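Please read the structure below before turning to the comments.
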Amino acid sequence: MTPPEQGTTKRRALVTGASRGIGAAVAERLAASGHSVALCSRSGASDLASKLGGIDVRADLSTADGVEAAVAEAEESLGGPVEVLVNCAGMTNDGLLARLSDEDWEAVFATNLTSVMRTSRRVLRGMMKARWGRIVSVGSVVGTIGNPGQSAYAATKAGIVGFSKALAKEIASRNITVNVVAPGFIETDMTAALDDAQRTAALAQIPMGRFGEAYEVAGAVAYLVSEEASYVSGSVLTVDGAMGTG
Numbered sequence: 180m181t182p183p184e185q186g187t188t189k190r191r192a193l194v195t196g197a198s199r200g201i202g203a204a205v206a207e208r209l210a211a212s213g214h215s216v217a218l219c220s221r222s223g224a225s226d227l228a229s230k231l232g233g234i235d236v237r238a239d240l241s242t243a244d245g246v247e248a249a250v251a252e253a254e255e256s257l258g259g260p261v262e263v264l265v266n267c268a269g270m271t272n273d274g275l276l277a278r279l280s281d282e283d284w285e286a287v288f289a290t291n292l293t294s295v296m297r298t299s300r301r302v303l304r305g306m307m308k309a310r311w312g313r314i315v316s317v318g319s320v321v322g323t324i325g326n327p328g329q330s331a332y333a334a335t336k337a338g339i340v341g342f343s344k345a346l347a348k349e350i351a352s353r354n355i356t357v358n359v360v361a362p363g364f365i366e367t368d369m370t371a372a373l374d375d376a377q378r379t380a381a382l383a384q385i386p387m388g389r390f391g392e393a394y395e396v397a398g399a400v401a402y403l404v405s406e407e408a409s410y411v412s413g414s415v416l417t418v419d420g421a422m423g424t425g
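When we follow my numbering, the leftmost residue of the sequence shown carries the number 180, and every step to the right adds one.
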């Protein structure tokens, strides 16, 4: 088989959780590669979307109606079915399980895991018809190694891996790949909230001795949605400075 020419195929992409952090970095990277990008978030990302020549889609992906509205708007604005889906939307409700309410648990699952299922299921319509697609979901090293006080978050991130591996097998014959990027500690608003003691403790777990940058995660996503990654599916690509190797 002849390798695809690099940088020649531009796709319609939907990035969720795109208003900041990893999601924003992914949107920037895909736009820089020439893809048409719809940036979806609950709060909106109009300034970034305008800068990138993309589409600002505001939706609450924790609900079925929100997912349907988001994908429908993205497809209408982009001029066709979504070809690349990157699930970055996420939240935490940290706390020891003994004190964690059902409502807090369910909110994390609705945003982090159920939205991934619904959004993936929705975009599959166009991908299966076209017999081409890329789905990448952002997990976390916490989904593999766990973290005290993050039982709900860790469970959703582990769930993303199982979901993605199963879906990858279901739709492989349609030339649609499904993968996970699992970051470690990345310099985002979430890690900026850590106090000095928490930051020191986190750094002690990272063999590379530093937090990662959002663009480093975006680079991994960019590879997985590329033509060159056509034979990579059901995989988990960790971007964690070797944190999860122990």
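Glycine residues also receive a C-beta, built at the ideal position from the N, C-alpha and C atoms.
The structure displayed is predicted, hence computed values, not measured ones.
Distance between residue j and residue i (C-alpha atoms, nearest Å)
i    : j    : result
D283 : R221 : 18 Å
R191 : A376 : 43 Å
L373 : T195 : 24 Å
I234 : V396 : 22 Å
F390 : A381 : 9 Å
A421 : V357 : 23 Å
S198 : G213 : 19 Å
I350 : S409 : 13 Å
L257 : D239 : 20 Å
E392 : I324 : 20 Å
I339 : D244 : 21 Å
T271 : E285 : 11 Å
Enclosing beta strand (DSSP E) for residue i [first to last residue]
i    : result
I385 : Segment: none, I385 is in no beta strand (DSSP E) and carries neither H nor E.
R191 : 191-195
T417 : 415-418
Start-to-end residues for the alpha helix (DSSP H) that takes in residue i
i    : result
I350 : 330-350
A371 : 368-371
Which residues DSSP lists as bridging residue i, in chain order
i    : result
V396 : The partner list for V396 (beta bridge, DSSP) is empty, contrary to what the question assumes.
T323 : None, per the DSSP bridge assignment.
R313 : V263, T356
I365 : G391
Review point. Are the region 298-310 and the region 250-259 touching by the rule of at least three beta carbon pairs closer than 8 Å?
Key: yes
Check your understanding: Which parts of the region 211-291 are runs of the alpha helix (DSSP H), unbroken and 4 residues or longer, counting only runs that do not cross its ends?
Key -> 225-231, 243-257, 281-288
Review point. Do the region 273-288 and the region 313-324 touch if we need at least three Cβ pairs shorter than 8 Å?
Key: no
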